[in-house]
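In this note's numbering, the protein residues as written are 768 to 936.
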């Protein structure tokens, strides 16, 4: 099944060597492409993004990671693309310019779009709220999160030491 988001679908390719991934990446005929040179890992990924109807290549992304594909996160946020490579999160504009990037502190639980203006990045012991410009507007470190929930723009976090409620607006 193809998953289409904003008239784009991603097709992922995994390679066992940097050389294979590099050759594949260079052979793609796309107007826009971006290879993350500062990523490291034993898995080499290329994602080709196609127009959902015409199947024309829109752009190509390439990076390496120690994470399996099932643990990676991709998020379309208005005219931006958010990529989690397992160690870093990148905010990329529609021209494939990196607006900002930051290293995750602890393993990522997930990404949650609060609104068109804000994104929650929730890790196992840390959270960030990021605005559309890529600025961190709120950040907090916790003990290891044992349980959490989101309801009515409130993030409830339970750790072994405390229960905390954080407003996401």
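Note that the Cβ used here is the ideal one computed from N, Cα and C, for glycine as well.
Predicted, not measured: the structure shown is a model, and the values here were computed from it.
Local conformation of residue 900 per DSSP, three classes: On the chain shown, position 133 is the one that residue 900 refers to. It is coil, neither helix nor strand.
Contact check, residue 812 vs residue 780, beta carbons under 8 angstroms: Position 45 of the chain shown, counted from the first residue, corresponds to residue 812. Position 13 of the chain shown, counted from the first residue, corresponds to residue 780. In this structure, residue 780 lies closer than 8 angstroms to residue 812 by Cβ.
Residue from 810, 825, 809 with nearest C-alpha to residue 801: Looking up residue 801 in the chain shown gives position 34. The candidate whose alpha carbon is nearest that of residue 801 is 825.
Beta-carbon gap between residue 835 and residue 808 smaller than 8 angstroms: On the chain shown, position 68 is the one that residue 835 refers to. On the chain shown, position 41 is the one that residue 808 refers to. No, the Cβ-Cβ distance between residue 835 and residue 808 is not below 8 angstroms.
Residue range of the unbroken beta strand (DSSP E) whose run includes residue 913: Start at 1 with the first residue of the chain shown, and residue 913 comes out as number 146. It spans 912–918 - the beta strand (DSSP E) in which residue 913 sits, taken as one unbroken run.
Candidates 873, 785, 840, 771, of which the one nearest residue 908 by Cα: In the chain shown, the residue the question calls residue 908 occupies position 141. Nearest C-alpha to residue 908: 873.
Helix, strand or coil at residue 836 [DSSP, three-state]: Start at 1 with the first residue of the chain shown, and residue 836 comes out as number 69. Looking at residue 836 - three-state DSSP - the assignment turns out to be helix.
Nonlocal neighbours in the same chain, by C-beta distance under 6 angstroms from residue 938, ignoring five residues either side: Given a span of 768 to 936 for the chain in the structure shown, any question on residue 938 remains unanswerable.
Residue environment, residue 902, which counts as buried when at least 16 other CB atoms sit within 10 Å: Position 135 of the chain shown, counted from the first residue, corresponds to residue 902. Around the beta-carbon of residue 902, fewer than 16 other beta-carbon atoms lie within 10 Å, marking it exposed.
Rounded straight-line distance, which links the Cα of residue 850 to that of residue 787: As a first step, residue 787 is located in the chain shown; it is residue number 20 there, counting from the start. As a first step, residue 850 is located in the chain shown; it is residue number 83 there, counting from the start. In a straight line, the C-alpha of residue 787 is about 22 angstroms away from that of residue 850.
DSSP three-state assignment for residue 927, whether helix, strand or coil: Here residue 927 is taken as the residue at index 160 of the chain shown, counted from 1. Reduced to three states, the DSSP call for residue 927 is coil.
For residue 906: DSSP bridge partner residues: For this step, residue 906 is matched to residue 139 along the chain shown. Paired residues: 895.
Chain-order list of residues whose beta-carbon lies under 8 angstroms from that of residue 913 (same chain, five-residue window excluded): Position 146 of the chain shown, counting from 1, holds the residue named residue 913. Hits under 8 angstroms: 925, 926, 927.
Rounded Cβ spacing between residue 885 and residue 876 (contact assumed at less than 8 angstroms): Position 118 of the chain shown, counted from the start, is the residue given in the question as residue 885. Position 109 of the chain shown, counted from the start, is the residue given in the question as residue 876. 17 angstroms between Cβ atoms; not a contact.
Sequence-distant residues of the same chain with beta carbon closer than 8 angstroms to residue 770, five excluded per side: Working through the chain shown from its first residue, we reach residue 770 at position 3. So the list reads 776, 777, once near-sequence residues are dropped.
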